[in-house]
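Input: a single structure, listed below in structure tokens.
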Amino acid sequence: MKSSISKVRKTTKQPQKSTSTTIHVPAEMQPQLLRIAQSQRTPFEKRVWTALCQIPRGRVTTYGLLSAHLGTSPRAVGNALRRNPFAPEVPCHRVVATGGTLGGFKGSWPKDGEGITITEKKSLLRGEGVRLDDKGRVLGTVWSGFE
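Quick note: the sequence shown uses our numbering, first residue 50, plus one each step.
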């Protein structure tokens with residue numbers, strides 16, 4: 050199946066200048082990018098959630114890889130993912146801990162309007178074809194194609 054790709058502008062602010070690059074996201078993610086852009090959330094949360102839109106269905110990345118791409122910490126990324134009001138359409142479930150464990154920023158706490166539980170995360174990942182071992186760790190290679 051051929052996937053169409055759309056382009057979105059990404060601006061990175063540095064102390065004395067700003068630069069702009071083009072990132073590629075699947076066309077089906079355009080409605081999610083619009084929802085993110087129009088939200089009243091923090092610029093950091095919007096950056097994290099926009100980056101999620103690059104992760105292909107059926108693939109996972111790690112908190113560490115995503116945080117390195119964004120120039121921040123894995124904990125900050127995890128906190129933004131926990132507050133994702135657009136899940137699962139903006140796929141925070143596709144981010145796992147190094148070593149393939151599912152992470153614990155949301156854990157198995159009851160859903161309170163934001164974030165997803167570990168049980169939901171497993172179900173979403175399996176529904177996309179991601180394989181998990183008997184301890185719930187993701188099998189296979191993590192995706193690192195951020196632009």
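All C-beta atoms, glycine included, are put in the ideal place defined by N, C-alpha and C.
What do you get for Gly-189, buried or exposed, if any count of 16 or more other CB atoms within 10 angstroms of its CB means buried?
exposed
According to the Cβ coordinates, are Leu-115 and Val-74 closer than 9 Å?
no
Rounded to the nearest angstrom, how far is the Cβ of Glu-177 from that of Gln-103, given a contact under 8 Å?
15 Å between Cβ atoms; not a contact.
Return helix, strand or coil for Leu-181, following the three-state DSSP convention.
Leu-181: strand per DSSP, three-state reduction.
Nearest neighbour of Gly-149, chosen from Leu-173, Glu-138 and Asp-182 [CA to CA]
Asp-182
Rounded Cβ spacing between Val-126 and Val-191 (contact assumed at less than 8 Å)
Going by Cβ atoms, the distance from Val-126 to Val-191 rounds to 14 Å, so no, they are not a contact pair.
Taking the C-alpha atoms as reference points, what is the distance between Glu-94 and Arg-186?
26 Å
Cα-Cα separation between Phe-194 and Arg-84, rounded to whole angstroms
According to the sequence displayed, residue 194 carries Gly and not Phe. Each residue's alpha carbon lies about 23 Å from the other.
Here's the rule: buried if 16 or more other CB atoms are within 10 angstroms of the residue's CB, otherwise exposed. What is Thr-147?
exposed
Once DSSP output is grouped into helix, strand and coil, what is the label at Thr-110?
strand
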